[in-house]
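Input: a single structure, listed below in structure tokens.
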Amino acid sequence: METREATTTWRIVLIKIPAEPSRHRVAVWRELRKIGALSIGQGVWAVPNVAAFAVGIDKAAALVERAHGVIIFLDAAGATAADSARFEAMFTEAREDDWAEFLSNCTKYETELDKEIRIRKFTLAELEEEDQSLDRLRRWHRDLKARDVFGASNSEQATAALRQCTQRFEDYSERMIAALHGPSSDEGDRP
Numbered sequence: 001m002e003t004r005e006a007t008t009t010w011r012i013v014l015i016k017i018p019a020e021p022s023r024h025r026v027a028v029w030r031e032l033r034k035i036g037a038l039s040i041g042q043g044v045w046a047v048p049n050v051a052a053f054a055v056g057i058d059k060a061a062a063l064v065e066r067a068h069g070v071i072i073f074l075d076a077a078g079a080t081a082a083d084s085a086r087f088e089a090m091f092t093e094a095r096e097d098d099w100a101e102f103l104s105n106c107t108k109y110e111t112e113l114d115k116e117i118r119i120r121k122f123t124l125a126e127l128e129e130e131d132q133s134l135d136r137l138r139r140w141h142r143d144l145k146a147r148d149v150f151g152a153s154n155s156e157q158a159t160a161a162l163r164q165c166t167q168r169f170e171d172y173s174e175r176m177i178a179a180l181h182g183p184s185s186d187e188g189d190r191p
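Just so you know, the UniProt record's numbering puts 149 at position 149 of the sequence shown, and the rest follows in order with no gaps.
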């Protein structure tokens with residue numbers, strides 16, 4: 001057997017929850033998906049054993065206990081360097097999927113801003129809505145960055161897309177302020 005050098009250790013989470021009511025299983029599943037845990041089998045999840053995942057794992061454990069289920073934690077590492085690399089690749093592939101979804105949402109955000117500019121929808125309510133959407137993207141980016149411990153290939157592209165969304169929002173804000181405080185379109189028609 002090949003010897004291993006020090007690599008990432010993993011927190012393996014084994015969960016068994018009563019089948020009914022199903023809301024408990026769904027709540028645990030959502031919490032583990034939210035933190036980016038990798039599902040490696042029915043009731044078996046894994047995350048790198050780093051601090052970024054601790055709070056989410058604790059929340060999932062509390063949900064399992066509330067459901068009168070059983071949760072077991074194991075710390076593990078690949079038996080070989082190749083095993084470690086394969087597991088890191090599986091985890092990173094999941095993060096790449098997360099980043100791809102994030103990038104798609106950035107594109108949707110920019111499309112929405114383009115539409116609002118095109119139809120000249122410059123209202124404070126719309127500005128607030130777009131600001132909230134940008135804040136949601138920022139929080140999502142921060143969360144993804146925290147759990148992307150191996151550096152997915154599209155993470156830098158996502159960071160650039162968020163910067164672009166921020167610049168586009170600033171442009172929209174300036175246009176909105178100019179529209180609200182500039183001369184009205186019918187001012188030239190007045191005597």
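Cβ coordinates follow ideal geometry from the N, Cα and C atoms, glycine included.
Straight-line CA distance for residue i to residue j?
i	j	result
Leu14	Trp99	27 Å
Ala19	Ala27	13 Å
Ala37	Val47	5 Å
Arg95	Glu88	10 Å
His24	Asp97	26 Å
Arg51	His181	According to the sequence as given, residue 51 is Ala; it is not Arg. The alpha-carbon atoms of Ala51 and His181 are separated by roughly 48 Å.
His141	Asn49	21 Å
Thr111	Leu103	12 Å
Glu2	Phe150	Residue placement at Glu2 is flagged as unreliable, the pLDDT there being 46, under the threshold of 50; the coordinate-derived value follows with that caveat. If you take the alpha carbons of Glu2 and Phe150, they lie about 23 Å apart.
Ser39	Asp83	17 Å
Ala178	Tyr172	10 Å
Met176	Glu128	11 Å
Asp131	Glu174	13 Å
Arg30	Ala60	9 Å
His68	Arg33	21 Å
Pro183	Gln157	40 Å
Tell me which residue opens and which closes the beta strand (DSSP E) that residue i is part of.
i	result
Ser39	Leu38 to Gly41
Phe87	Unbroken run through Phe87 is the alpha helix (DSSP H), Ala81 to Arg118; no beta strand (DSSP E).
Can the beta-carbon of residue i be found less than 8 Å from the beta-carbon of residue j?
i	j	result
Thr9	Ala85	no
Arg138	Ile35	no
Thr92	Ala152	yes
Leu124	Phe169	no
Val44	Ile12	yes
Gly78	Thr159	no
List the endpoints of the continuous alpha helix (DSSP H) containing residue i.
i	result
residue 196	There is simply no residue 196 to check, as the chain begins at 1 and stops at 191 in what is shown.
Val47	It is not in any alpha helix (DSSP H) - Val47 instead sits in the beta strand (DSSP E) that spans Val44 to Pro48.
Ala27	Ser22 to Lys34
Lys145	Leu124 to Arg147
Quick check on residue i: does DSSP put it in helix, strand or coil?
i	result
Val13	strand
Ala76	strand
Ile57	helix
Val70	strand
Ala152	coil
Ala19	coil
Does the beta carbon of residue i come closer than 8 Å to any beta carbon on chain B?
i	result
Ile71	Structure shown: chain B not included; a single protein chain is present.
(message) Tell me whether the stretch 114-123 and the stretch 65-79 touch, counting them as touching only if at least three CB pairs, one residue from each stretch, are closer than 8 Å.
(response) Put simply, the stretch 114-123 does not touch the stretch 65-79. Fewer than three CB pairs are less than 8 Å apart.
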